[in-house]
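Q: A single structure is presented below for examination.
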Amino acid sequence: MPSSTSASAIAPGPCERPVTALAGIGPAMAERLARLEIRTVGDLLFHLPLRYEDRTRVLPIRRVAIGQSALIEGEIVAQAVVGRARPTLVCELADDSGRMAMRFFHFSPLQRRRLGVGTRVSVYGELRLGPQGPEMVHPEYRCGTEGTLQEPVLTPVYPSTEGLGTKALRRAVRAALACALPALTEYLPKAQCPPGPTLGEALRLLHGPPAGCDLGPARTMLAFEELVTHHAHLLTLRHTKGRATGPKCRVPGQLLARFLEALPFTPTNAQTTVMGEIRRDLESGRPMRRILQGDVGSGKTLVAAGAALIVIEAGFQVAIMAPTELLARQHMETFGAWLRPLGIEPFGLMRLRAGAETRRARARDCETRLVIGTQAMFQEGVDFERLGLVIIDEQHRFGVHERQALTAKGRAGARRAHLLAMSATPIPRTLAQSIYADLDLSVLDERPPGRAPVTTVALAETRRDDVVARVRAACLGGAKAYWVCPLIEEGEQDLKAAAALHAELARVLPGINVGLIHGRMKAVDKDRAMEDFARGPMQVLVATTVIEVGVDVPTASLLVIENAERLGLAQLHQLRGRIGRGGLPGHCVLLYKPPLGDMARARIACLRETDDGFVIARRDLELRGAGEVFGVRQTGLPGFRVADLIRDEALLPAVAKAAAALAQGAPAALLGLRRRWLRERHDLGSV
Ligand code: ADP
Ligand code: MG
């Protein structure tokens, strides 16, 4: 990076100040914000709402549907404390149109006095059907002289974290808007941007839009700036790459040949082609920078093993990084079984705690030829003696930063380790080329043969008994089944749900070995569960979505997904990719809570029609339509906060143009944008 772009080139404005510069934010709050990666006032500006609540209109009680959240105003007409063991405060509220109750499981004597009969209240909450009719449980409210909860614009709901209340977060963002928005730098010339609001206008709108306002153009402006930043940044990286040298791996390829010979199957044509591309890179003397794309189950691991063997034969070390410990341990198994006969024993590096020093030393030692681990191996200062190749599995789970930090490890003077990133993200080639501007692309566009198709059915959860019967029959026939209980918020509640489901299934499936795995379990317990399921006696594995990425148990042929209506299409596709891996025909049962909404119905129909990840991603976007602004990022691409490649595909030509101009002619602006979008705290240009 030229020195003119050093951090000092941009004078710090209000956006660069720490959050503690804002009134009302002290060190404790700052610490909580930091957990959301929010450190500066600018970060707060770019902390975007997940969704909005509509408190702009007061609705008559009668017009609010069960399940709808609404603002209601009325008078308390009755109050009672019911239940002796667990007293509950119930206040009956009436407006001109009808009545509803407010229910409080926890309340203070003061609260009870203030909510006395005759008091006027303004209430916001979700209407549910309670034992005595419509009610809101623990709604937000103001009473008497406190005024109303009514707001002039939609109320943003921000992604939050433990100990950080929605209201506090809202206040913080509001303070940031007041202080920094007027001074916000518009780095991109208006003529290069899509038509619509400026960045500043877009932010103001997104943090508090009028009801019924179309947020599309505002979102597009943010997505555009984000994409331009990534693209320009990658262009500068590619520039530096041209000058580096990589470990030269020109070898006879004996290890690879022996490995392929011992495999119980032959590689697909796609696998062979891609291994050829990789081999040419490895021999070239330039550092390989390659992304391998292939849908779930296309056999990326085999290609990774092939690449590793070339590099190992040339006398270098190989490091494989997986996004979860579960997946890293699975790779330990797979690579162990494949490579042990060749005298190569993988070394696992997960979380370093006890004995960290010796483990680190062992990984570093060039006698250790293959190291498999999670981010920990790079975060905790392991310096490899002769790192030749870094393989990142499921790379879309990592940000651009982590990828850079990783490859930086492989640097020795001008020499850099080779990089192979792997991803199942279903995006078309042109898009991939644009988004991984710093990488060369290989595609596995063919699945291994002999895969029996997976049938998918959707059943209302009232038919659970039928499903249990089916699982029982399948297990008695020797099959294995996943039963997925998705965690929506990883809260205690959800874990209880998984544990309860486990207990229930163990009860109704006597004589069948039912296990449990979830994200909060200790690593050893997770391992044991996975091992028991993959190769041991366990027949049914109750799992949270921890199994979503990469898990490969070819003998599992049944998959039941609870609350399927709550999951997005991409996630369902990934989950379904866990079965139909061996020769056994797979069956996927989507259990849902009736009544099924139109959206959920369409999602399920799509899954039944196709198992092509790309088609599914497109369909998902169509279904979500323009109505959803941010939502869960289904394509899950590296580090994008606003942009969605499938949705924003049409922007790409303009993005490429603006990025090229930025990368060539405006280094200071690019640095500012990198700070804004990549949240860079220091100059990463030298990586
Ligand atoms: P993914 O691309 O999702 O990472 P994996 O590498 O886990 O897929 O491969 C899925 C399964 O297919 C594994 O069990 C693997 O052993 C098997 N497999 C890979 N390549 C072939 C092949 N050429 N023929 C048959 N089975 C294969
Ligand atoms: Mg995989």
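If you read the sequence shown in UniProt numbering, its first letter stands for residue 1, the second for the next number, and so on. Every residue gets a Cβ at the ideal spot worked out from N, C-alpha and C, and that includes glycine. Please read all numbers here as calculations on a predicted model, not as lab measurements.
Between which two residues does the beta strand (DSSP E) containing residue 76 stretch?
A: Locating residue 76 in the sequence shown gives position 76, counting from the first residue. Residue 76 -> beta strand (DSSP E) spans 69-82.
Q: Could you tell me which uninterrupted alpha helix (DSSP H) segments, each at least 4 residues in length, are contained entirely in the stretch 24-53, listed from first to last along the chain?
A: 27-34, 41-45
Q: So does residue 480 have its beta carbon nearer than 6 Å to some heavy atom of the ligand ADP?
A: Stepping through the sequence shown from its first residue, residue 480 is reached at position 480. No, the Cβ of residue 480 stays beyond 6 Å of every heavy atom of the ligand ADP.
Q: Using the three-state DSSP reduction, which class does residue 653 fall into: helix, strand or coil?
A: Residue mapping note: residue 653 aligns to position 653 of the sequence shown, counting from 1. Here residue 653 sits in helix by DSSP.
Q: Within a Cβ cutoff of 7 Å, which residues of the same chain sit near residue 3, ignoring the five residues on either side of it in sequence?
A: In the sequence shown, counting from the first residue as 1, residue 3 sits at position 3. Because the pLDDT at residue 3 is just 36, under 50, the model does not fix this residue reliably, and the point stays unresolved.
Q: At what residue ranges does the UniProt domain "Helicase C-terminal" (466-622) contain a whole run of the alpha helix (DSSP H), taking only runs of 4 or more?
A: 492-508, 523-534, 569-576, 598-609
Q: Using a 10 Å radius around the Cβ and a threshold of 16 neighbouring Cβ atoms, would you call residue 265 buried or exposed?
A: Position 265 of the sequence shown, counting from 1, holds the residue named residue 265. Residue 265 comes out exposed.
Q: Spatial neighbours of residue 602 within its chain, please: CB distance less than 6 Å, with the 5 preceding and 5 following residues excluded, ordered by chain position.
A: Taking the first residue of the sequence shown as 1, we reach residue 602 at position 602. Excluding sequence neighbours, residue 602 sits near 623.
Q: So for residue 344, helix, strand or coil by DSSP?
A: Locating residue 344 in the sequence shown gives position 344, counting from the first residue. Of the three classes helix, strand and coil, the one that applies to residue 344 here is coil, per DSSP.
Q: Measuring alpha carbon to alpha carbon, tell me which residue in 480, 500, 531 is nearest residue 512.
A: Residue numbering aside, residue 512 sits at position 512 when the sequence shown is read from its first letter. Measuring from the Cα of residue 512, the nearest candidate turns out to be 480.
Q: Can you grab the Cα-Cα spacing for the pair residue 129 / residue 78, in whole Å?
A: Indexing the sequence shown from 1 puts residue 129 at position 129. Indexing the sequence shown from 1 puts residue 78 at position 78. In a straight line, the C-alpha of residue 129 is about 18 Å away from that of residue 78.
Q: Does the beta-carbon distance from residue 64 to residue 127 come in below 7 Å?
A: In the sequence shown, residue 64 corresponds to position 64, counting from 1. In the sequence shown, residue 127 corresponds to position 127, counting from 1. Annotated as proximal: residue 64 and residue 127, with beta-carbon spacing under 7 Å.
Q: Starting from residue 281, trace the alpha helix (DSSP H) both ways and give me its first and last residue.
A: Within the sequence shown, residue 281 is the residue found at index 281, counting from 1. Unbroken alpha helix (DSSP H) run through residue 281: 269-283.
Q: Using DSSP bridges, identify the partner residues of residue 141.
A: Taking the sequence shown and counting its residues from 1, the one referred to as residue 141 is at position 141. According to DSSP, residue 141 bridges with 123.
Q: For residue 691 and residue 517, I'd like the C-alpha separation in whole angstroms.
A: The structure shown does not extend to residue 691, since the chain is modelled only from 1 through 687, so no value can be given for it.
Q: Is there contact here, the stretch 453-470 with the stretch 318-328, by at least three beta-carbon pairs under 8 Å?
A: no
Q: In whole angstroms, what is the alpha-carbon distance linking residue 616 and residue 357?
A: Numbered from 1 along the sequence shown, position 616 holds the residue referred to as residue 616. Numbered from 1 along the sequence shown, position 357 holds the residue referred to as residue 357. Whole-angstrom Cα-Cα distance: 46 Å.
Q: Just to confirm, does residue 657 get its C-beta within under 6 Å of one of the non-hydrogen atoms of the ligand MG?
A: Indexing the sequence shown from 1 puts residue 657 at position 657. For residue 657, the CB stays at least 6 Å from every heavy atom of the ligand MG.
Q: Less than 8 Å between C-beta atoms, sequence neighbours within five positions excluded: which residues of the same chain meet that for residue 509?
A: By 1-based counting over the sequence shown, the position of residue 509 is 509. Hits under 8 Å: 468, 471, 472, 475, 540.
Q: Can you have a look at residue 254 and say buried or exposed, based on whether 16 or more other CB atoms are within 10 angstroms of its CB?
A: Residue 254 sits at position 254 when you count from the first residue of the sequence shown. Classification for residue 254: exposed.
Q: Over what stretch of residues does the alpha helix (DSSP H) that includes residue 207 continue unbroken?
A: On the sequence shown, residue 207 is found 207 positions in, with the first residue counted as 1. Per DSSP, residue 207 belongs to the alpha helix (DSSP H) from 199-207.
Q: List the endpoints of the continuous beta strand (DSSP E) containing residue 156.
A: As a working note, residue 156 is residue 156 in the sequence shown. Per DSSP, residue 156 belongs to the beta strand (DSSP E) from 155-157.
Q: Short check: CB of residue 307 to CB of residue 338, under 7 Å?
A: For the purposes of this step, residue 307 is identified with residue 307 of the sequence shown, where counting begins at 1. For the purposes of this step, residue 338 is identified with residue 338 of the sequence shown, where counting begins at 1. Cβ atoms of residue 307 and residue 338: not closer than 7 Å.
Q: If you reduce the DSSP assignment to three classes, tell me which class residue 104 lands in.
A: Along the sequence shown, one-based indexing puts residue 104 at 104. Strand, per DSSP.
Q: Can you tell which of 609, 643, 452 has its C-alpha closest to the C-alpha of residue 585?
A: Within the sequence shown, numbered from 1, the residue matching residue 585 stands at position 585. Ranking 609, 643, 452 by Cα distance to residue 585 puts 452 first.
Q: Taking the alpha-carbon positions, what's the residue 312 to residue 370 distance?
A: As a first step, residue 312 must be located in the sequence shown, where it is residue number 312. As a first step, residue 370 must be located in the sequence shown, where it is residue number 370. One C-alpha to the other measures close to 8 Å.
Q: Of all the alpha helix (DSSP H) runs that stay within the bounds of the stretch 162-192, which reach a length of 4 or more residues?
A: 166-180
Q: Under 7 Å between the Cβ atoms of residue 297 and residue 581?
A: Here residue 297 refers to the residue found at position 297 when the sequence shown is read from its first residue. Here residue 581 refers to the residue found at position 581 when the sequence shown is read from its first residue. Yes. Within cutoff.
Q: Using 6 Å as the cut-off, classify the Cβ of residue 302 as near or not near the heavy atoms of the ligand ADP, replying yes or no.
A: Against the sequence shown, residue 302 aligns to sequence position 302. Within the cutoff, so yes.
Q: Let me know the secondary structure DSSP gives residue 136 once reduced to three states.
A: Taking the sequence shown and counting its residues from 1, one reaches residue 136 at position 136. Correct three-state label for residue 136: strand.
Q: Measure the C-alpha to C-alpha separation of residue 117 and residue 74 and round it to an integer number of angstroms.
A: Counted from its first residue, the sequence shown places residue 117 at position 117. Counted from its first residue, the sequence shown places residue 74 at position 74. If you take the alpha carbons of residue 117 and residue 74, they lie about 11 Å apart.
Q: Could you pull out every residue in the same chain whose Cβ sits closer than 8 Å to the Cβ of residue 215, ignoring the five residues on either side in sequence?
A: For the purposes of this step, residue 215 is taken as the residue at position 215 of the sequence shown. Excluding sequence neighbours, residue 215 sits near 205, 206, 209, 629.
Q: Measuring only the C-alpha atoms, how far is residue 317 from residue 417?
A: By one-based count along the sequence shown, residue 317 stands at place 317. By one-based count along the sequence shown, residue 417 stands at place 417. Cα to Cα, the separation comes out at about 9 Å.
Q: According to DSSP, is residue 321 helix, strand or coil?
A: In the sequence shown, the residue the question calls residue 321 occupies position 321. Reduced to three states, the DSSP call for residue 321 is strand.
Q: If the criterion is Cβ atoms closer than 7 Å, does the pair residue 76 and residue 61 meet it?
A: For the purposes of this step, residue 76 is taken as residue 76 along the sequence shown, with counting starting at 1. For the purposes of this step, residue 61 is taken as residue 61 along the sequence shown, with counting starting at 1. Contact check for residue 76 against residue 61 fails: the beta carbons are separated by 7 Å or more.
Q: Determine the DSSP secondary structure at residue 290, reduced to helix, strand or coil.
A: Here residue 290 refers to the residue found at position 290 when the sequence shown is read from its first residue. Residue state, collapsed to three classes: strand.
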